[in-house]
Every structure is written in C-alpha cells, then in structure tokens.
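Numbering (the working numbering), first residue to last: 2 to 111. Everything on this sheet refers to the single structure shown next.
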Amino acid sequence: MSNSTESNYVVNTQQLVCVASFLAKEGHQTELLAALADLIADTRREAGCIRYELNISRDEPRRMTFVEKFVDLAAFEQHCAKPAIQHYFHHIMPQWVESYQVETYHQVIA
C-alpha cells in the first residue's frame, strides 16, 4: 500500500477493484440478469476473490453493474481468463448487451 504523508489516507495498491457496468438491449433485461447472476457463485469461490456483487440501477433498470474486488492484479486476470467469463464476453454480450464499461481502481482507505 502506498501512504500519503500529507493526508489521513492510504491507497491500497495491492488489491484491485473492478466496476463493470452493462446496459441490456431493450427487452433483454431478464436474460442479461440471469446470465450475470450465473457468474456469481463460481466467482465467489475463486481464491483471489474478495467481493463480487451484482447491482441493478435504480434509475435505469436495464443497467447492471458488478462491483468486484480481488486480492491483486494476478487474481483479477485469472478471473477474466476463466471459461465462464470468456463465454460471457464473447457469446452472451453480443446478444443482450447494448453497451458496457469496465474500469479498475485502487481503494482509498481513510
């Protein structure tokens, strides 16, 4: 972890946080939600997974967002390489996702 000498916070540069947001194509919310929910149990069993939480937007019910946390970049990369995740990105998304955004972060601990 890196530490700031001027402020009362620490940036956890070891762990990796991922926010992955998917906008379902019109009329495909149910299918997308089911496909995303199917990823949860196995991912939570991964050795490097700390958090894997699926959320639906209150403002746009077609938007579904994972908030994920892994012990480090290697654990996140192993997760992304899993067959179920690869299947989702290459086969499920083209059918049911209109747009998506995936961003990674380091947590600020204050």
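The C-beta atom is built at its ideal place from N, Cα and C for all residues, glycine as well. Please read all numbers here as calculations on a predicted model, not as lab measurements.
- Close CB contacts of Ala76 within its chain, under the 6 Å cut and outside five residues either way in sequence, are with Gly49 (chain order).
- Taken in chain order, the complete alpha helix (DSSP H) segments of 4 or more residues contained in the stretch 32-73 are 41-45.
- Here the alpha carbons of Ile41 and Val109 stand approximately 25 Å from one another.
- In this structure Phe90 is exposed. Its beta-carbon is surrounded by fewer than 16 other beta-carbon atoms within 10 angstroms.
- Gln87 counts as exposed, since fewer than 16 other C-beta atoms from the protein chains shown sit within 10 angstroms of its C-beta.
- Between Glu54 and Val18, the CB-CB gap reaches or exceeds 8 Å.
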